[in-house]
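Chemist:
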Amino acid sequence: MKRKEEGLKNKQNMTLDEFVQKEEKIDRLNDKLNRPIIAVAYLFGFLIIGLIAYIMHFMIVEKDQVIANAANSRLDSFAADVIRGDIVTKDGKTIATNNGDKRYYPYDDMFAHAVGFSKYTKAGIELVGNYYLLESHASAPERLFHTLREESNRGDTIVSTLNFDLQKKAYDALGNANGAVVVMEPDTGKILAMVSKPDFNPNDIDAVWKEANSEDSTSSVLLNRATQGLYPPGSTFKVLTALSYMRQYPRKYKKYQYECNSEEQIFNNVAVHCYGKKMHGEEDLSKALANSCNQAFADIGTKLDVDKWKDTLESMLYNKNLPYNGASATSRFYLDGKSDKGFVPQTAFGQGDTLVTPLHNAMIISTIANGGLMMKPYMIDSIENYKGKRIRKFSPSSYDTLMSADEVETLTEYMRKVVTEGTAADYFAGASYQAAGKTGTAEYAGGDHDFSWFIGFADIERPEIAVSIVVEESDVNGVKATAIARALMDEYYRDKD
């Protein structure tokens, strides 16, 4: 009792400063004790916010892709109650519909890889748009009526981005040659045409599937070469080699000079000759690109920091998945700073082990046409119910700005020279529009055969169309990618006149 009285007396005798100091000490102690509790509370708060964000992202962005997966058995229940919807071109031609209980493709092979098929597995728009084709936005009374009668409702219609005339022109121009054609709108990413050959008739999918999956089959008709075919890029790659050189030598690239005055030159113990063993004389960077001079670009390759070169290519989505929701392969660039220098010269002008898909090349050239902004490619424009009422509209989506305005301006100027005075000049003589582009010839099979390439866009003042074309065994079939490009651009601007 006496000790308690003394404590109370001490407290009464405590000065204001002492009291404040004591309270502050208690507060600091409490803060120290509460800190782990607060940290755990924040951690749980962040986890909950992250979970909510992921669920929202899944519901808004990924839901349809997951539901549309061909392996998703949930869609079987949709198919039991809904008649699969039609697929039409942007200009109103029906390219997939139903004939009784069988899927029917009115134009046979022409849209084979773009539209795909829906039996055994799914491909093309039939896969990407599977969910929408099995949804029905028929009127509520109509759906109720069919439900009561135990009848199926009509599925929704996919309006694709495909242009019928351009698709037909691409299909006809490729003819009997194997290869691929991709036509895009640079400022939207809309795919206007997509052709891959060899092709197949999806109306005969039973026979096609059996043949392609037989034990000793070598058939590759089901492969969409436009998105999954990996090709050496040939001289189209010189555009990116030039870009990397511009970035590594921003003050010197305009002063670049090379004398191409012999049939063959040695770089890093590698012999290099230009196509047809031509000798181009004195060239700056723009003339080297216009003439597609292998020797000049081999020389440029020896001047590049390979790791920085690789960085430029990976910024342009080499070694990365493309922002495309259909099936696509990954373009490959294998060199780095540790690689054998002997691989550099041929790689610089598009030979070696570098591989690219036609779709990727279309995206690269579209990025230049679109001022450096890469758009995500897509093939579904909108969804309508079977009576034509719009249900949903898909808007263009950008990926990222990958080039500066100065880089775009310079590359466009160089590629314009390809068309006016370089390797594509004869093909584009007399065109009513101004095109820019790059030709390419990629040797394979030990140099016995070649792929013919062209990437380009038009019009340079207001780019509206970009193309990426590859023709296999062009030396045998005589079909040139640049000739196909001219035919496609003529067709596009014919409709504009």
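Here the sequence shown stands for residues 9 to 505, numbered as in the numbering used here.
The beta-carbon is built from N, C-alpha and C at its ideal position, and this holds for glycine as well.
On a CA-only basis, which of Ser323, Leu343, Asp164 is nearest Ile399? Give me that one, please.
Modeler: Considering only alpha carbons, the answer is Asp164.
Chemist: State the CB to CB distance for the pair Glu499 and Lys130, rounded to an integer number of angstroms; the pair is presumed to be in contact (CB under 8 Å).
Modeler: The pair is not a contact, with the Cβ atoms about 30 Å apart (cut-off 8 Å).
Chemist: Residue ranges of each alpha helix (DSSP H) run of no fewer than 4 residues wholly in the stretch 410 to 458, ordered along the chain?
Modeler: Those alpha helix (DSSP H) runs which fall completely within the stretch 410 to 458 and span 4+ residues are 413 to 428, 433 to 436.
Chemist: Going by the DSSP bridge assignment, what does Gln359 pair with across the sheet?
Modeler: The partner list for Gln359 (beta bridge, DSSP) is empty, contrary to what the question assumes.
Chemist: Give the single residue among Ala122, Ala432, Ala356 whose Cα lies nearest to the Cα of Tyr179.
Modeler: The candidate whose alpha carbon is nearest that of Tyr179 is Ala122.
Chemist: Mind reading off the beta-carbon distance from Val475 to Leu496? Whole number of angstroms is fine, and I expect it under 8 Å.
Modeler: That pair is a contact at about 6 Å.
Chemist: Can you give the Cα-Cα distance for Tyr113 and Ala181, rounded to whole angstroms?
Modeler: Going from the Cα of Tyr113 to the Cα of Ala181 covers about 21 Å.
Chemist: Suppose contacts are defined by Cβ-Cβ distances below 7 Å. Is Ala298 in contact with Glu421 by that definition?
Modeler: Result no, Cβ atoms of Ala298 and Glu421 do not sit closer than 7 Å.
Chemist: I'd like to confirm the pairing. Which residues does DSSP put opposite Ser406 in its beta bridges?
Modeler: Paired residue(s): Met383.
Chemist: What does a CB cutoff of less than 7 Å around Glu480 pick up in its chain, not counting 5 residues either side in sequence?
Modeler: Closer than 7 Å at Cβ, skipping near neighbours: Ala185, Asn186, Gly187, Phe459.
Chemist: From the DSSP output, in three-state form, read off Arg400 for me.
Modeler: Residue state, collapsed to three classes: strand.
Chemist: With distances taken from CA atoms, which of Asp207, Asp173, Asn171 is nearest Gly183?
Modeler: Nearest option by C-alpha distance: Asp207.
Chemist: Taking the alpha carbon of Tyr139 as the reference point, which residue from Ile166, Asp117, Ala47 has its own alpha carbon closest?
Modeler: The option with the nearest alpha carbon to Tyr139 is Ile166.
Chemist: Give me the Cα-Cα distance between Ala78 and Tyr332, rounded to the nearest whole angstrom.
Modeler: In this predicted model, Ala78 has a pLDDT of only 49, less than 50, meaning its place in the structure is not dependable; the value taken from the coordinates is given anyway. So the two alpha carbons sit approximately 17 Å from each other.
Chemist: Is the CB-CB distance between Tyr407 and Ala491 below 7 Å?
Modeler: No. Outside cutoff.
Chemist: Whole angstroms are fine: how far does the CA of Ile274 sit from the CA of Pro471?
Modeler: Spanning the two alpha carbons is a distance of roughly 40 Å.
Chemist: Return the CA-CA distance between His281 and Cys301, expressed in angstroms with no decimal places.
Modeler: Rounded to the nearest angstrom, the two C-alpha atoms are 9 Å apart.
Chemist: Specify, as a first and last residue, the run of the alpha helix (DSSP H) that Arg233 falls within.
Modeler: From DSSP, the alpha helix (DSSP H) with Arg233 extends over 233 to 236.
Chemist: For the candidate residues Ile95, Tyr257, Leu231, Asp99, whose alpha-carbon lies nearest to that of Arg111?
Modeler: It is Ile95 whose Cα lies nearest to the Cα of Arg111.
Chemist: Ordered along the chain, which non-local residues of its own chain (more than five positions away) have a Cβ less than 6 Å from that of Gly379?
Modeler: Same-chain partners within the cutoff: Val416.
Chemist: With DSSP run on the structure shown, which of helix, strand or coil describes Ala78?
Modeler: Legend: pLDDT at Ala78 = 49, less than 50; position of this residue unreliable, value from coordinates given subsequently. Coil at Ala78, not helix or strand.
Chemist: Quick one: give me the first and last residue of the beta strand (DSSP E) that Asn312 is part of.
Modeler: In the sequence on display, residue 312 carries Leu and not Asn. No beta strand (DSSP E) holds Leu312; DSSP gives it neither H nor E.
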